[in-house]
Structures are given as C-alpha cells and as structure tokens.
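Residue numbers in the sequence shown follow the working numbering, run continuously in steps of one, and reach 1124 at the last position. Yeah, the Cβ is synthetic: ideal placement off N, Cα and C, and Gly gets one too. These figures come from a predicted structure and were not determined experimentally. The next block holds one structure in the form of structure tokens; read it before the comments.
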Amino acid sequence: MQYRLGFLGFLGGSEVAQQGVRNAGLLDQRAALQWIQRNVRAFGGDPARVTIWGASAGGGSVTAHLIANGASGEPPFSAAIAEYPWWQPYLNDSQQEFSYRNALRLSDCEDIACLRKLSSEKAITLGQAVTNESYPGPSAIYGTYYWGPVVDGTFIQNLPSIEFGRGRFHDVPLIVDRNAYEGYIFTEKDFSINADNTTYDAARDLELLFPFAGPAFRSRLYQLYPRESFNSTLFQWQTWFGDFIINCPTYHMATNAVDRFANASTVFKMVFLGGRQAHGATGSYLADEDVSLPYATNKTLAEIMTSYWISFTMTGDPNPRRSAKAAFWPSYASGGNDSTPVGDLVGFSTLMVNESTIDVEFDRNASSQCDFFLSHSFQVQN
C-alpha cells in the first residue's frame, strides 16, 4: 500500500489541523481500505473478508486502524496482523507546533499554503532538515524515527496504550508477533569509549529517549534491567528498547484483546526465533517467493509460516489451512493444548518458532518490565 511518509504524511501543528489534516499518511491508508471495500468484488474478493497486515511501522499502522475513530462503526477490514508493531512516541501538541514552526523557518515560508507549493523533492529535503532541528534524539545509542502518527482528537483520539487499555479497538481476529532481539539493530554497537563516558551517555540518552520521564522512572528502569543480567551493555540497552517500542505492545494488544473480544480464542501471538532473530526476521519467510539469503535458508519453515498466514487470512484462524508440517497454534487465551480457554484461566500461550522446533510457552512479556512501561504511557509514548 502506498501512502505519504515522513514530513509529507505526518506534519502536525495547529495550522495544519485548521487548514488540512494531521495523520495524512494514515488517512491515505484508510482511503485505500475504503477503495477495497467498494471494489474488491470486481476482482473476485469479498469485502467481508479483508485482512490488514503490516510489519514494523506497518504494524504500528495496523494498531492505528484498530483504534481509529475511537473504534466506532464498522472497520474496513475483518481481521488484522500486527507484526512487531512499532509503537514509537507520539509528538504532543507542543512538539508538533515546534516542528511546524521549524518547517516554516527552514523553508522561508510564512504559512502552510507556501509549504504546499514545494516540490516533493524539496519537501523531503525539508523534512530531514526539520528532523535535524527539532529532534535531539538519543545522540549515539539508539536509532529512532521522528515523523509518525499523532493524537489528532478525531482519527487517533488517544495514545494506543490508552485506547487498548480502555477497550477502544475493533473486535476482529488478531495476530501479533515479535522477533527475539527487536532492539538490536537500533542500538549503538561501539562501546569502545571508557566506562565513565558509557555511563554518562546512557543517562543522557535515556533522558532524550524518554524526555517526559524523571529520575525515579530511570532508576526503576535500571532496577528492572540490571546490568549483571546481561552479557553486555549492548544487550541491556537493546532489551529495554525492544521491550518499550515493540515487545510490550504485543503483550498489551493480546491481553486486552482477550479481555474485550466476544471470542477470546481469536487472538494469537508468536515469537520468532528463526533467521537472524532481529527486527524484520519474519519477512524473509513470509514475503518472498524465494527464501532470502543469507538470513533465511529454511524452506520448510517458510512453508510453515506462509501456511499460518494464508489460513488466518482465509478463516480468521491460523490452523484450519496450515501445512501438514506446521504445529497447532493455540490461541493466546488457551492453556496451550487447543484454542478454547478453560473457564477463566488465560494461558498467555505464545508460539515459539525457531529453525528446527515449534513450541508453546507462557508469554515472556507478561512481566514486571512490560507492566512498568504500560503503567507509564505518557512518559514513554509522548
């Protein structure tokens, strides 16, 4: 699906809201979904059987459509797959205004009408310049992204964590997944600087990563992720980054869906331990006709993965049409043996997939670390 990205899709601010729309990129996606509803029969489809699927930023977009418009009305889809959903912090109103004013200053424009006259090439260049001016960002440690969805009061009425916690999301069959080391590729790898500087950089970058969090928040973070629990500082930092931005959101989405859905057995979670195990690892097993090398060499696993996805897309359940080689995937609510919860017992069942085995485990993200992040939504998502 094509939609406007970065500055073109997610410029905010009061003047943008008054004379246009915020979240234009998400509205592009919504327009495409509505087009499918109107036209899918013309090419053999069923408007009542549309599954949305996105990974990383796309997984974040799936989240946005699940909570869109306060989840009022019928959604233009019937099932959703949010792969490693990227829940980056949303720019608040003052941050949006700051970036908008920077855009005017850096472009020598006086208003939004002038910005609209810029060529796409100039607008893209301007967007990067605004990012450089507006976002201090974790200077050396983390890779993050500046432009993204914002709370606009209409299409996105509150932060995803708040909306899911309140049950304001569409009740459709749901798959969420994550990879083993979600924070790794976003974390600085060079720790050759001395220990004092490393400590200083960690403290500084945590302040930049969570600018609305105070010292008590940061102290508790270090208690929950003690250095001695990790082989290196790299893995300490990649773990808390991966938890806050992807892993804990999958837990939050799955648990709240089980609590709110009419049929709790339509929620499924996977942790993918195959390939390179980092952010994006499932892609080589799902989206390519030929398994991509060198990251994915297991064609049997690719067959298994695609069969789960095809079955879910066709039936709302990854099991009925799965490959004969594929293990049964229990619902998140089950105890692991079948897709039916027993009484009020929720199993938090997660499919653990690696190169040679597929097992079921209790969700490792049902943890004090995720409870901490999710109880501090305004500190970590604003």
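Cβ contact annotation for Q978 (same chain, cutoff 7 Å, sequence separation greater than five): Y967, R969 and F972, in chain order.
Looking from the CA of D850, the closest CA among A865, S836 and Y964 belongs to A865. DSSP, reduced to helix, strand and coil, places V792 outside both helices and strands of the structure shown, so it counts as coil.
Taking C-alpha positions only, R920 is separated from D985 by approximately 10 Å. Straight-line measurement puts the Cα of C990 at about 10 Å from the Cα of F1114. Between the segment 814 to 824 and the segment 787 to 794 there are three or more C-beta pairs closer than 8 Å, enough to call the two in contact. One thing to note: L901 has its Cβ within 8 Å of the Cβ of Q1123. Of F1120, H994 and L768, the smallest CA-CA separation from F959 is found for F1120. Straight-line measurement puts the Cα of W982 at about 36 Å from the Cα of L846.
Check the Cα spacing between L753 and each of S903, E839, V1095 and T975: the tightest is with E839. Partner residues in the beta bridge of V1102, as assigned by DSSP, are L1093. By the Cβ neighbour-count rule, F1054 is buried, with 16 or more other Cβ atoms within 10 Å of its own. Contact between the segment 851 to 864 and the segment 1050 to 1067 is not established, with fewer than three Cβ pairs separated by less than 8 Å. The DSSP assignment places 1009 to 1014 as complete runs of the beta strand (DSSP E) inside the segment 976 to 1044, in order along the chain (cut-off: 3 residues).
In this model, L747 and F897 are separated by some 17 Å (Cα to Cα). Taken through DSSP and simplified to helix, strand or coil, V804 comes out as helix. For D1113, no beta strand (DSSP E) run applies; the uninterrupted alpha helix (DSSP H) run containing it begins and ends at S1110 to L1116, by DSSP. Straight-line spacing of the CA atoms in R783 and N874 works out to 46 Å. Remark: C-beta atoms of T992 and N1107 approach each other more closely than 8 Å. Here R910 is near A813, since their CB atoms are less than 8 Å apart. W1071 and D1101 have their C-alpha atoms spaced approximately 9 Å apart.
L916 sits in a strand when the DSSP states are folded into three classes.
Under the DSSP assignment, E825 falls in the beta strand (DSSP E) whose first and last residues are A821 to E825. Shown here for V758: same chain residues with a beta carbon closer than 7 Å to its own, the five before and five after excluded, namely R764, Y842 and I854 in chain order.
Beta-bridge partners assigned by DSSP to A797: E825.
A direct Cα-to-Cα measurement between N1096 and W1051 gives close to 17 Å. Following the DSSP letters along the chain, one finds V872 inside the alpha helix (DSSP H) bounded by residues S862 to S876. In the assembly as shown, W828 is a buried residue. Its beta-carbon has 16 or more other beta-carbons within 10 Å.
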